[in-house]
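Trainee: For reference, the structure I am asking about is given below.
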Amino acid sequence: MTTSLDDDKAENVLTIPLQGKSAMADYIVVASGTSSRQVAAMAEHIEFKLKQNKVDVLGLEGLRQADWVLIDANDVIVHLFRPEVREFYGLERMWSDATAEEVVTVGTDG
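For the sequence shown, position 86 matches number 1129 in my numbering, and the numbering has no gaps at all.
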């Protein structure tokens, strides 16, 4: 998944571990694209890669507008934003109880 985001030149990619904090998922991945077109392309590529790896996509919301796209892959929830939308909603602030060590920039390791 993160390789797909790297390939699509996603910006400010963060993974936030939720184990022990929430029952909804183990991780949230948050990333930005520079335009709605890029956000939509990133979402479509992630959905394709997940299905290719036989991971069920439980939900995909917001693809039509592509200002904020949410992909529910069961244990991982991916939020893709245009930068100004990401700033407006401040999703990372909602999980501000995560320590600096827990909020990690995602590398290219898949």
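Every residue, glycine too, gets a C-beta built ideally from N, C-alpha and C.
(1) Just curious, the alpha helix (DSSP H) that V1128 is in, first and last residue?
(2) For my contact list, A1074 and L1123 are in at a C-beta cut-off of 8 Å; report their separation, rounded to the angstrom.
(3) Rounded to whole angstroms, how far is the Cβ of S1079 from the Cβ of D1110, which I believe are closer than 8 Å?
(4) Would you grab the beta carbon distance between L1101 and A1116 for me? Rounded to a whole angstrom, and I think it's under 8 Å.
(5) Which residues bound the alpha helix (DSSP H) around A1109?
(6) Could you tell me how far apart the beta carbons of V1119 and A1068 are, in whole angstroms, since I believe they sit closer than 8 Å?
(7) Which value, in whole angstroms, describes the spacing of the CA atoms of G1105 and R1125?
(8) In the DSSP assignment, find the alpha helix (DSSP H) that holds L1101 and state where it starts and stops.
(9) A1086 and I1114: beta carbons closer than 8 Å?
(10) Excluding sequence positions up to five away, which residues of its chain have a Cβ less than 6 Å from the Cβ of V1098?
(11) When the Cα of G1076 is compared with those of Y1132, V1128 and M1137, which residue comes out closest?
Mentor: In this structure, then:
(1) On the sequence shown, position 85 is the one that residue 1128 refers to. P1126 to Y1132 is the span of the alpha helix (DSSP H), which, as asked, contains V1128.
(2) Along the sequence shown, one-based indexing puts residue 1074 at 31. Along the sequence shown, one-based indexing puts residue 1123 at 80. Indeed, because the Cβ distance is near 6 Å, the residues count as touching under 8 Å.
(3) Taking the first residue of the sequence shown as position 1, residue 1079 is located at position 36. Taking the first residue of the sequence shown as position 1, residue 1110 is located at position 67. Correct: roughly 6 Å between the Cβ atoms.
(4) Position 58 of the sequence shown, counted from the start, is the residue given in the question as residue 1101. Position 73 of the sequence shown, counted from the start, is the residue given in the question as residue 1116. That belief holds up - the Cβ atoms of L1101 and A1116 are roughly 7 Å apart, short of 8 Å.
(5) Locating residue 1109 in the sequence shown gives position 66, where the first residue counts as 1. Premise fails: A1109 is in no alpha helix (DSSP H) and is neither H nor E.
(6) In the sequence shown, counting from the first residue as 1, residue 1119 sits at position 76. In the sequence shown, counting from the first residue as 1, residue 1068 sits at position 25. The Cβ separation is near 6 Å, so the contact holds.
(7) In the sequence shown, residue 1105 corresponds to position 62, counting from 1. In the sequence shown, residue 1125 corresponds to position 82, counting from 1. Going from the Cα of G1105 to the Cα of R1125 covers about 12 Å.
(8) Residue 1101 sits at position 58 when you count from the first residue of the sequence shown. Neither: L1101 is in no alpha helix (DSSP H) and is coded neither H nor E.
(9) Residue mapping note: residue 1086 aligns to position 43 of the sequence shown, counting from 1. Residue mapping note: residue 1114 aligns to position 71 of the sequence shown, counting from 1. Yes, they are a contact pair.
(10) Numbered from 1 along the sequence shown, position 55 holds the residue referred to as residue 1098. Excluding positions up to five away in sequence, the list reads A1116.
(11) What you label residue 1076 is simply residue 33 of the sequence shown in a count that begins at 1. Nearest C-alpha to G1076: V1128.
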